[in-house]
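Residue numbers (my numbering): 180 to 369. Glycine is no exception: its CB is placed at the ideal position from the N, C-alpha and C atoms.
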Amino acid sequence: MKLFRGFAVLAMLPALAAGTAQGQDPAPPNAAPSEEHTYLNQFVGEWRTTGKGTDPSGKETDLTGFEFDRMVLGDFWLFFVYNSQMNGKPYVGHGMIGYDPARKKYIGSWVDSMSPYMGSFEGTADREKKTLTLNVSGTDPATGKACKGKMVFDFQDADHRNLKSYRIDDSGGEKLAYELHYTREQPQSK
């Protein structure tokens with residue numbers, strides 16, 4: 180345990196030195212989650228999903244599945260696991276979303292069982308509209324070329340949310356790739 184703490188302190192030294200060199204106080208070692216981090220709590224739970232999607236060739240697929248969402252690592256990060264079937268094969272995806280106070284953006288990553296590439300995303304929340312919009316950057320597994328997308332989470336109530344995911348072409352045009360409807364397994368609202 181002491182050895183681990185030693186490595187953790189060594190790993191933090193460059194960041195601490197950078198903050199001090201710029202005349203700034205270093206970040207507190209035990210920072211608390213912000214309001215932006217706690218915004219992610221509405222994802223926490225077990226969710227059934229239904230929906231449809233199309234692959235780049237236009238083939239439609241059913242997206243019935245299950246998602247497990249938890250706040251982890253000091254409640255700074257939302258970790259989620261999605262299970263479904265895609266093209267008749269088991270599909271599993273893992274992602275994380277957090278809030279970067281320096282960039283003032285939600286950030287995250289995505290990996291799944293159908294691609295050797297990792298996607299990343301960044302975006303903002305609109306609390307009045309009850310949406311979280313994330314711009315996606317990744318690699319198209321079919322071509323190996325860079326690609327872009329957008330995901331929009333729309334919160335209906337404590338037990339229902341929707342996700343629309345779009346492909347963005349080279350001209351900036353958006354095309355709906357898939358839409359998921361989430362229902363909480365053990366409802367919170369009455």
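Query: Which ranges does the beta strand (DSSP E) cover as unbroken runs of at least 3 residues, wholly within the stretch 259-291, from first to last along the chain?; Result: 268-279, 284-291
Query: Rank T228, E307, M275, G351 by C-alpha distance to the C-alpha of I286 and give the top, closest one.; Result: M275
Query: Under three-state DSSP, which class holds F222?; Result: helix
Query: Looking at the strands, I want to know which residues DSSP matches up with L359.; Result: G230, L342
Query: Check for me: the alpha helix (DSSP H) holding T243 runs from which residue to which?; Result: Looking at the DSSP string, T243 is not in any alpha helix (DSSP H), and its letter there is neither H nor E.
Query: May I ask you to report which of helix, strand or coil DSSP gives E307?; Result: coil
Query: Buried or exposed: which applies to L342, given that a residue is buried once 16 or more other Cβ atoms fall within 10 Å of its Cβ?; Result: buried
Query: Would you kindly report the start and end of the unbroken alpha helix (DSSP H) that includes T217?; Result: 214-217
Query: Closer than 7 Å to a non-hydrogen atom of the ligand GDP - does that hold for the CB of A304?; Result: Of ligands this structure carries none, so the ligand GDP is not represented either.
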